[in-house]
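See below for the structure under consideration.
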Amino acid sequence: MNAPDHNLSLLTTTQMAQADQAAIQSGISGIALMEAAGAAVADAVNSRWGRRPVTILCGPGNNGGDGFVAARHLRDAGWPVRLGLLGGKALLSGDAAHHAQLWGDEVQPLTPALLDGAGLVIDALFGAGLSRPLSGAAATTVAALIECGLPVCAVDVPSGLDGNTGQVLGLAAPASLTVTFFRKKPAHVLFPGRQLCGDVQVADIGILDSVLDSLPLATFQNGPGLWLSRYPWPALEGHKYQRGHALVVGGRLMTGAARLAAMACARVGAGLVSIAAPAAVWPVYASNMTSIMVHLLRESGALDEILTDGRINVLVVGPGAGVSDLTRTHALQALASGRSVVLDADAISVFGSDPQALFAAVAGPCVLTPHEGEFNRLFSTGGHKLDKARQAACISSAVVVLKGADTVIAAPDGRAVVNTNAPPYLATGGTGDVLAGLIAGLMAQGMAAFDAAAAGVWLHGETARLFGPGLLSEDLPGMLPRVLRRLLRHDLSR
5 MNAPDHNLSL
15 LTTTQMAQAD
25 QAAIQSGISG
35 IALMEAAGAA
45 VADAVNSRWG
55 RRPVTILCGP
65 GNNGGDGFVA
75 ARHLRDAGWP
85 VRLGLLGGKA
95 LLSGDAAHHA
105 QLWGDEVQPL
115 TPALLDGAGL
125 VIDALFGAGL
135 SRPLSGAAAT
145 TVAALIECGL
155 PVCAVDVPSG
165 LDGNTGQVLG
175 LAAPASLTVT
185 FFRKKPAHVL
195 FPGRQLCGDV
205 QVADIGILDS
215 VLDSLPLATF
225 QNGPGLWLSR
235 YPWPALEGHK
245 YQRGHALVVG
255 GRLMTGAARL
265 AAMACARVGA
275 GLVSIAAPAA
285 VWPVYASNMT
295 SIMVHLLRES
305 GALDEILTDG
315 RINVLVVGPG
325 AGVSDLTRTH
335 ALQALASGRS
345 VVLDADAISV
355 FGSDPQALFA
365 AVAGPCVLTP
375 HEGEFNRLFS
385 TGGHKLDKAR
395 QAACISSAVV
405 VLKGADTVIA
415 APDGRAVVNT
425 NAPPYLATGG
435 TGDVLAGLIA
445 GLMAQGMAAF
455 DAAAAGVWLH
465 GETARLFGPG
475 LLSEDLPGML
485 PRVLRRLLRH
495 DLSR
């Protein structure tokens with residue numbers, strides 16, 4: 005993934021602080037940055053809600069300073085404003101103290117009583133850098149805010165949310181709208197933070213994009229801007245043998261899983277796709293496949309004979325395979341072949357009692373696609389989802405796709421992508437098999453493992469989103485061409 009779209013960068017709280025400092029060193033004052041941030045909050049509120057009594061809850065730091073600016077702008081626009089502050093004005097310092105002085109109106113102590121009569125609340129207590137649970141007056145006021153159900157606009161993140169992880173530190177009030185600055189943070193895209201933030205609006209407060217060039221960016225929100233310039237569109241003079249040959253290892257019982265993976269491989273553009281089918285169920289596969297070739301898997305179960313075809317450059321093992329010694333053998337044979345490999349479902353779970361055997365076998369491009377349960381059978385990593393996926397990728401030397409509503413794709417070198425376009429309709433049997441096929445089909449065409457995983461996950465989500473309610477896994481491959489046509493129209497690299 006080279007030169008990703010900086011608009012998709014997710015900044016840690018430390019990186020955001022560094023961006024602020026770089027902007028200040030370039031000549032933009034902290035006072036001006038805070039003025040722009042608070043004005044952006046006021047503009048967002050003005051745009052979304054009709055004029056009504058608004059209560060602004062301010063903390064003792066820069067987030068509270070943003071709240072004072074927003075209060076002044078809303079008051080000047082004719083909004084009835086009530087402002088509460090955690091701690092006294094005397095405790096404020098720096099830019100926040102300056103803007104509190106400009107407010108020049110009544111400041112009340114932070115209590116739940118501030119919510120009485122409000123039609124809207126702006127939560128400017130604490131930003132993304134909070135590292136401990138809310139306590140005291142902040143905790144009791146936020147608890148009351150949760151209870152009363154008033155609409156909330158959060159400044160940066162809802163107070164009580166860890167900006168780096170999306171995890172709640174004790175409690176946090178859900179927001180209808182969150183206004184953040186310059187770039188999103190991981191909390192805006194990782195659950196439960198993503199749900200608590202509501203709609204996220206990123207405001208331009210004057211920090212130049214060039215600031216990002218000095219930051220060690222490693223986390224991104226998934227989108228075509230990350231990988232579209234390297235998407236393997238067919239060349240005018242190309243032919244099928246240049247577009248790769250994917251082999252999906254079929255199972256004995258759940259034959260639909262391998263067929264779904266194979267169809268996804270083909271739809272996403274692999275030149276040739278084959279299924280290796282056990283002899284007992286070979287007729288089932290053969291009678292249901294037309295454009296997909298079906299190879300006979302001998303009784304020994306070994307893939308050696310099929311892999312004499314040197315054109316096969318990627319293998320998918322796991323969909324419908326069953327947790328068995330044979331599945332383990334197929335996975336190890338695939339890894340030993342030197343080809344690219346996608347391991348899904350049972351091909352992951354089968355190593356639960358001996359994960360080191362899998363990790364030691366990974367020698368080439370490999371993508372693991374576990375859901376949370378499969379992940380936990382293989383890895384004992386701790387921490388939040390981003391950390392867990394990153395640690396797992398480093399341990400396994402594979403790209404890890406930790407699936408869920410906020411799927412994380414992590415590479416062994418520390419890069420990570422969070423996907424946000426997957427609708428709830430994907431929560432149905434077989435959709436994971438389609439995802440494994442999409443990733444394998446892109447790898448067959450020469451896409452690097454990390455790019456292929458990110459692109460496959462995005463295509464998977466976008467196809468489901470476009471289809472909508474009533475989705476079945478077999479609907480996804482047939483819907484994919486519509487998404488690819490849209491993607492092609494926006495590929496300016498061609």
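Numbering of the sequence shown is given in the working numbering, commencing with residue 5 and proceeding in unit increments.
Don't be surprised by glycine CBs; every beta carbon is placed ideally from N, CA and C.
Notebook entry, point to check: Contact check, Gly322 vs Ala420 under 8 Å by CB: the rounded distance?
Noted result: For the purposes of this step, residue 322 is taken as the residue at position 318 of the sequence shown. For the purposes of this step, residue 420 is taken as the residue at position 416 of the sequence shown. Rounded, the Cβ-Cβ distance is 23 Å, inconsistent with contact.
Notebook entry, point to check: According to the Cβ coordinates, are Ala274 and Val438 closer than 9 Å?
Noted result: Position 270 of the sequence shown holds residue 274. Position 434 of the sequence shown holds residue 438. The answer is no: Cβ separation not under 9 Å.
Item checked: Arg493 in three-state terms, based on DSSP -> Along the sequence shown, read from residue 1 onward, the residue named residue 493 stands at position 489. In this structure, DSSP gives Arg493 a helical state, which the three-state scheme calls helix.
Next item on the list: Can you tell me which of Gly108, Ala44, Ala444 and Ala452 puts its alpha carbon nearest to the alpha carbon of Ile316?
Entry: Locating residue 316 in the sequence shown gives position 312, counting from the first residue. Considering only alpha carbons, the answer is Ala444.
Item checked: Bridge partner(s) assigned by DSSP for Val277 -> For this step, residue 277 is matched to residue 273 along the sequence shown. Partner(s): Ala250.
Item checked: Element boundaries [alpha helix (DSSP H), containing Asn317] -> The residue you call residue 317 lines up with position 313 of the sequence shown. Counting along the chain, Asn317 falls outside any alpha helix (DSSP H), though it belongs to the beta strand (DSSP E) covering Ile316 to Val321.
Check: At what residues does the alpha helix (DSSP H) containing Ile35 begin and finish?
Finding: To locate residue 35, count along the sequence shown from 1; it is residue 31. For Ile35, the enclosing alpha helix (DSSP H) begins and ends at Gly34 to Arg52.
Notebook entry, point to check: When you compare only the Cα positions, how much space is there between Phe471 and Gly434?
Noted result: To locate residue 471, count along the sequence shown from 1; it is residue 467. To locate residue 434, count along the sequence shown from 1; it is residue 430. Rounded to whole angstroms, Phe471 to Gly434 spans 16 Å at the Cα level.
Margin query: With H, G and I counted as helix, E and B as strand and the rest as coil, what does DSSP make of Val272?
Written below: Counting from one through the sequence shown, the residue named residue 272 turns up at place 268. Per DSSP, reduced to three states, the secondary structure at Val272 is coil, with no helix or strand assignment.
Item checked: Assigned secondary structure, Gln19 (DSSP; H/G/I helix, E/B strand, else coil) -> Against the sequence shown, residue 19 aligns to sequence position 15. Helix at Gln19.
Checklist line | Arg498, DSSP secondary structure in three states | finding: As a first step, residue 498 is located in the sequence shown; it is residue number 494 there, counting from the start. Annotation note: pLDDT 42 at Arg498 (below 50); position unreliable, no value reported.
Next item on the list: Would you mind listing the alpha helix (DSSP H) stretches within the stretch 292-362 that are 4+ residues and don't spill past its ends, in chain order?
Entry: Restricting attention to alpha helix (DSSP H) runs no shorter than 4 residues, the stretch 292-362 encloses them at 329-340 and 350-353, ordered along the chain.
Notebook entry, point to check: Candidates Cys201, Asp329, Leu87 and Ala268: which alpha carbon is nearest Ser477's?
Noted result: As a position in the sequence shown, residue 477 is number 473, starting the count at 1. Here the closest residue by C-alpha is Ala268.
Next item on the list: To the nearest angstrom, report how far apart Ala142 and Val156 are at their CA atoms.
Entry: On the sequence shown, residue 142 is found 138 positions in, with the first residue counted as 1. On the sequence shown, residue 156 is found 152 positions in, with the first residue counted as 1. When rounded, the distance between both Cα atoms is 15 Å.
Next item on the list: With a floor of 4 residues, list each alpha helix (DSSP H) that falls wholly inside the stretch 106-191, ordered by position along the chain.
Entry: Complete alpha helix (DSSP H) runs here, min 4: 140-152.
Next item on the list: Name, in chain order, the residues that DSSP records as bridge partners for Thr59.
Entry: Counted from its first residue, the sequence shown places residue 59 at position 55. DSSP lists Arg86 and Val125 as the bridge partner or partners of Thr59.
Next item on the list: Could you check what DSSP says for Asp203 in three-state terms: helix, strand or coil?
Entry: Taking the sequence shown and counting its residues from 1, the one referred to as residue 203 is at position 199. Collapsing the DSSP output to three states places Asp203 in a strand.
Item checked: Cutoff 6 Å; reference His192; Cβ partners in own chain excluding five residues on either side -> Here the question's residue 192 lines up with position 188 in the sequence shown. Cβ within range, chain order: Cys201 and Val204.
Margin query: For Pro190, count the other beta carbons within 10 Å of its own beta carbon; 16 or more makes it buried, fewer makes it exposed. Which is it?
Written below: By 1-based counting over the sequence shown, the position of residue 190 is 186. Pro190 counts as buried, since no fewer than 16 other beta carbons sit within 10 angstroms of its beta carbon.
Checklist line | Residue range of the alpha helix (DSSP H) that includes Ala402 | finding: The count along the sequence shown starts at 1 and reaches residue 402 at position 398. Counting along the chain, Ala402 falls outside any alpha helix (DSSP H), and DSSP gives it neither H nor E.
Check: Taking 8 Å as the line, does the beta carbon of Asp479 fall inside it for any heavy atom of the ligand PLP?
Finding: No copy of the ligand PLP appears in this structure; indeed no ligand is present at all.
Margin query: Contact defined as beta carbons within less than 8 Å: I believe Gly210 pairs with Ala40. What is the distance between those atoms, to the nearest angstrom?
Written below: In the sequence shown, the residue the question calls residue 210 occupies position 206. In the sequence shown, the residue the question calls residue 40 occupies position 36. At roughly 5 Å, the Cβ-Cβ gap stays under 8 Å, so Gly210 and Ala40 are in contact.
Margin query: For Gly63, tell me which candidate among Leu390, Ala104 and Ala36 has the shortest Cα-Cα distance.
Written below: Locating residue 63 in the sequence shown gives position 59, where the first residue counts as 1. Gly63 has its Cα closest to that of Ala104, out of Leu390, Ala104 and Ala36.
Margin query: Pop quiz: Ala128 and Val159 are said to be a contact at Cβ under 8 Å. What is the actual Cβ separation, rounded to whole angstroms?
Written below: By 1-based counting over the sequence shown, the position of residue 128 is 124. By 1-based counting over the sequence shown, the position of residue 159 is 155. That belief holds up - the Cβ atoms of Ala128 and Val159 are roughly 4 Å apart, short of 8 Å.
Notebook entry, point to check: Near Glu151, what residues of its chain come up, given a Cβ to Cβ distance below 7 Å and the 5 sequence neighbours on each side ignored?
Noted result: Sequence index remark: in the sequence shown, residue 151 carries index 147 (1-based). Close CB contacts of Glu151 within its chain, under the 7 Å cut and outside five residues either way in sequence, are absent.
Item checked: Where the alpha helix (DSSP H) containing Thr435 begins and where it ends -> Counting from 1 along the sequence shown, the entry for residue 435 is found at position 431. Segment Thr435 to Ala448, the alpha helix (DSSP H) holding Thr435.
Check: Helix or strand or just coil, what does DSSP make of Thr373?
Finding: Locating residue 373 in the sequence shown gives position 369, where the first residue counts as 1. Three-state DSSP puts Thr373 in a strand.
Check: Around the Cβ of Asn380, are there at least 16 other Cβ atoms within 10 angstroms (buried) or fewer (exposed)?
Finding: Here residue 380 corresponds to residue number 376 of the sequence shown, with the count starting at 1. It counts as exposed.
Next item on the list: Would you please state the rounded distance, in angstroms, between the beta carbons of Leu221 and Ser13? I believe it to be under 8 Å.
Entry: For the purposes of this step, residue 221 is identified with residue 217 of the sequence shown, where counting begins at 1. For the purposes of this step, residue 13 is identified with residue 9 of the sequence shown, where counting begins at 1. With a Cβ gap of about 5 Å, Leu221 and Ser13 count as contacting.
Item checked: Endpoints, beta strand (DSSP E) assigned at Ala420 -> Translated into the one-based positions of the sequence shown, residue 420 becomes position 416. Residues Ala420 to Val422.
Check: Using DSSP with H/G/I as helix, E/B as strand and the rest coil, what is Ile413?
Finding: Here the question's residue 413 lines up with position 409 in the sequence shown. Strand.
Checklist line | Environment of Lys244 [buried if 16+ CB atoms lie within 10 Å] | finding: Within the sequence shown, residue 244 is the residue found at index 240, counting from 1. Classification of Lys244: exposed, given that the 10 Å Cβ count is below 16.
Next item on the list: Quick one: using the 10 Å Cβ neighbour count with 16 as the cut-off for buried, is Asn292 buried or exposed?
Entry: By 1-based counting over the sequence shown, the position of residue 292 is 288. Exposed: under 16 other Cβ atoms inside 10 Å.
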